[in-house]
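Just below is one structure, and these are the notes that go with it.
In my numbering, the protein residues as written are 113 to 212.
Structural data, given as structure tokens:
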């Protein structure tokens, strides 16, 4: 799958109270990007895809109890330079295609 020129990398971290909702959030995010920590994903997508992802996540969480952080890392590939690890590191970008 070829990358689109308007794609950006986002770090998405979540704090979800309920186990079922937490599993659903992880499943949704897994369809968009790569898990790099238990509650942290790197997603590379267009603005339109990010809006779709935000709508899906908003439909899953309880906005009174849960929170999701979306941080812009910059253009695709730039996150490799922006993300620093202490301890065991994980690949930020996987070469496998991401299905959106």
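Cβ coordinates follow ideal geometry from the N, Cα and C atoms, glycine included.
Check for me: the beta strand (DSSP E) holding residue i runs from which residue to which?
| i | result |
| --- | --- |
| residue 137 | Here residue 137 belongs to no beta strand (DSSP E); instead the alpha helix (DSSP H) covers 131 to 142. |
| residue 151 | Unbroken run through residue 151: none, as it is neither H nor E. |
| residue 180 | 179 to 187 |
| residue 124 | 120 to 127 |
For residue i, which of the options has the nearest alpha-carbon?
| i | options | result |
| --- | --- | --- |
| residue 185 | 126, 157, 128 | 157 |
| residue 177 | 131, 147, 162, 120 | 131 |
| residue 181 | 140, 136, 122 | 122 |
| residue 119 | 138, 161, 127, 140 | 161 |
Would you say residue i faces chain D, with C-beta separation under 7 angstroms as the test?
| i | result |
| --- | --- |
| residue 148 | Absent from the structure is chain D; it holds one protein chain and no more. |
Ends of the alpha helix (DSSP H) at residue i?
| i | result |
| --- | --- |
| residue 170 | 159 to 172 |
Looking at residue i: is its Cβ nearer than 7 angstroms to the Cβ of residue j?
| i | j | result |
| --- | --- | --- |
| residue 154 | residue 145 | yes |
| residue 133 | residue 172 | yes |
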